[in-house]
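Take the sequence shown: its position 2, counted from the start at 1, is 1 in numbering that gives the first Met the number 0, and no numbers get skipped. Glycine residues also receive a C-beta, built at the ideal position from the N, C-alpha and C atoms. First comes the structure, then the notes that go with it.
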Amino acid sequence: MKDIQNFDDVKLLVDSFYSKIREDALLRNIFNSVIRDRWNSHLEKMYKFWQTVLLDEPTYIGNPFLPHAKLPLNETQFNQWLVLFNETVDQHFRGEKADRMKWQGKRMAEMFLSKIEYYKNSNSVPLK
Ligand code: HEM
């Protein structure tokens, strides 16, 4: 099995990950309620995000946390997100970038969860 090498690899990963998400009983409704008929643009954005992280080709501009700030998410949902995410990477690739992708997913899931918890318990509004 080869490592993640180019944009087509990133696209394959993102497409297969969000296909799983869209069928997952725990997660599909949260995603669909926000994204509705904008799945294509969400996927395009996620190609760019992972292209920037994994291939050092900086095409993503934005604030990854902001759209999650007010979502009603808890640890169970983030754990499920990570199960599907790691499963997707392992199904397709092996190597340094595949490991980096899983590490980055875990790191961001932990960071998002702790920020969400923080904003639940405070009146302040996330700016970034
Ligand atoms: C259960 C966990 C999660 C849920 C329900 C969730 C849901 C969403 C939703 C609804 C959007 C906004 C789509 C839109 O309005 O266009 C979004 C955007 C995004 N998500 Fe997540 N997400 C989760 C976890 C994560 C994690 C762990 C990462 C880390 C890689 C991540 C990365 C992103 C990025 C980069 C965007 C685009 C941000 C932008 O608008 O620039 N998400 N997510």
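Met45: first and last residue of the uninterrupted alpha helix (DSSP H) it sits in | As a working note, residue 45 is residue 46 in the sequence shown. Start and end: 38 to 54.
Starting from the C-beta of Leu72, find all residues in its chain whose C-beta is less than 8 Å away, skip the five residues before and the five after it, and write them out in chain order.
-> Taking the sequence shown and counting its residues from 1, one reaches residue 72 at position 73. Counting only Cβ-Cβ distances below 8 Å, and skipping sequence neighbours, we find Ile29, Phe111, Leu112, Ile115.
Does the beta-carbon distance from Phe6 to Glu56 come in below 9 Å?
-> The residue you call residue 6 lines up with position 7 of the sequence shown. The residue you call residue 56 lines up with position 57 of the sequence shown. At the C-beta level, Phe6 and Glu56 come within 9 Å of one another.
Say yes only if the C-beta of Leu54 is nearer than 8 Å to one or more non-hydrogen atoms of the ligand HEM, and no if none qualify.
-> In the sequence shown, the residue the question calls residue 54 occupies position 55. No, the Cβ of Leu54 stays beyond 8 Å of every heavy atom of the ligand HEM.
Just to check, is the beta-carbon of Arg99 closer than 8 Å to a non-hydrogen atom of the ligand HEM?
-> Taking the first residue of the sequence shown as position 1, residue 99 is located at position 100. Taking the Cβ of Arg99 as the reference point, every heavy atom of the ligand HEM lies at 8 Å or farther away.
Is the segment 58 to 65 in contact with the segment 14 to 33, if contact means three or more CB pairs nearer than 8 Å?
-> Verdict: no, contact absent.
Near the ligand HEM: Leu70 beta-carbon under 8 Å from a heavy atom = Here the question's residue 70 lines up with position 71 in the sequence shown. Flag set: Cβ of Leu70 near the ligand HEM.
Three-state secondary structure (DSSP) of Arg106 = For this step, residue 106 is matched to residue 107 along the sequence shown. Arg106: helix per DSSP, three-state reduction.
According to DSSP, is Tyr118 helix, strand or coil?
-> Against the sequence shown, residue 118 aligns to sequence position 119. Tyr118: helix per DSSP, three-state reduction.
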